[in-house]
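The next block holds one structure in the form of structure tokens; read it before the comments.
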Amino acid sequence: MSTTGTTPELDRSWPANDAADELRLQREFLAFLRVTAVNKAAGLTPAQAIETPLATSPLMSVLAVLKHLTAVERYWITRTAGGADEPLLWDPTDVHAEWRLAQFDTPSAVTAAYQREWELADRAIAGLTPDSPARADPKYTLRWILAHVVQETARHVGHLDILREYLDGHTGE
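Shown next, in the form of structure tokens:
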């Protein structure tokens, strides 16, 4: 793993108060949470970003959470909702695979991969409505998938809050 460099903080926008457009609102909340997740890694050293301080979750580091969120978006938004033919980022036979870090999983590489996935996901669901059936699994709607990914991302942002406070005392949204 690299021992130099940190990731920069991104600008965040709170979702608009106008809830008339459901899809826009869901996507704005997801965008807010995505940036919040990345910002939890901003300013950490590479050693801090890979530290796993929680004894009951020995694979949970800041970078592992971001890597997991990338895999979640790939599976649910890019592949399932959008039907894109992108490779899975997890191993169905190993429920912890996307939590394990490799030598190339530096703060900049992991955050860049997460941000690239946002673009893939956005392209994959372009033109869909909340009621659109998922292209790869029509038992789900885009509405359901986005709600699921928003809740998953929000839950893990909470984990990132705890990790970040433990690592360097930084608190805040």
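Numbering (my numbering), first residue to last: 39 to 211.
Heads up, the beta-carbon is just placed ideally off N, CA and C, and yes, glycines get one too.
Worksheet item: Is it a yes or a no for the segment 108-121 touching the segment 165-177, going by three-plus beta-carbon pairs under 8 Å?
Response: yes
Worksheet entry | Distance between residue 179 and residue 56 (C-alpha atoms, nearest Å) | For the purposes of this step, residue 56 is identified with residue 18 of the sequence shown, where counting begins at 1. For the purposes of this step, residue 179 is identified with residue 141 of the sequence shown, where counting begins at 1. Residue 56 and residue 179: Cα-Cα distance of roughly 22 Å.
Fill in: DSSP state of residue 80 mapped onto helix, strand, coil
By 1-based counting over the sequence shown, the position of residue 80 is 42. Three-state result, residue 80: strand.
Practice prompt. Using the Cα positions of residue 183 and residue 76, report the straight-line distance between them to the nearest angstrom.
Written response: Counted from its first residue, the sequence shown places residue 183 at position 145. Counted from its first residue, the sequence shown places residue 76 at position 38. Cα to Cα, residue 183 sits roughly 21 Å from residue 76.
Worksheet item: On the premise that residue 202 lies in contact with residue 78, defined as a C-beta separation below 8 Å, what is that separation, rounded to the nearest angstrom?
Response: Walking along the sequence shown from the start, residue 78 turns up at place 40. Walking along the sequence shown from the start, residue 202 turns up at place 164. Sure, about 5 Å apart at Cβ, within 8 Å.
Worksheet item: What is the residue span of the alpha helix (DSSP H) that residue 133 lies within?
Response: Within the sequence shown, residue 133 is the residue found at index 95, counting from 1. It is not in any alpha helix (DSSP H) - residue 133 carries neither H nor E in the DSSP assignment.
Worksheet entry | Inter-stretch contact at 8 Å, needing at least 3 Cβ pairs: the segment 86-104 / the segment 140-153 | yes
Worksheet item: How many whole angstroms separate the CB atoms of residue 158 and residue 124, which I take to be in contact at a CB cut-off of 8 Å?
Response: Position 120 of the sequence shown, counting from 1, holds the residue named residue 158. Position 86 of the sequence shown, counting from 1, holds the residue named residue 124. Going by Cβ atoms, the distance from residue 158 to residue 124 rounds to 6 Å, so yes, they are a contact pair.
Item to complete: Determine the direct distance from the alpha carbon of residue 170 to that of residue 80, and round the result to whole angstroms.
Response: Walking along the sequence shown from the start, residue 80 turns up at place 42. Walking along the sequence shown from the start, residue 170 turns up at place 132. Rounded to whole angstroms, residue 80 to residue 170 spans 36 Å at the Cα level.
Fill in: Secondary structure of residue 171, DSSP reduced to three states
One-based indexing of the sequence shown puts residue 171 at position 133. Looking at residue 171 - three-state DSSP - the assignment turns out to be strand.
Worksheet item: With 16 other CB atoms within 10 Å as the buried threshold, where does residue 112 fall?
Response: For the purposes of this step, residue 112 is identified with residue 74 of the sequence shown, where counting begins at 1. With 16 or more Cβ atoms within 10 Å of its Cβ, residue 112 is classed as buried.
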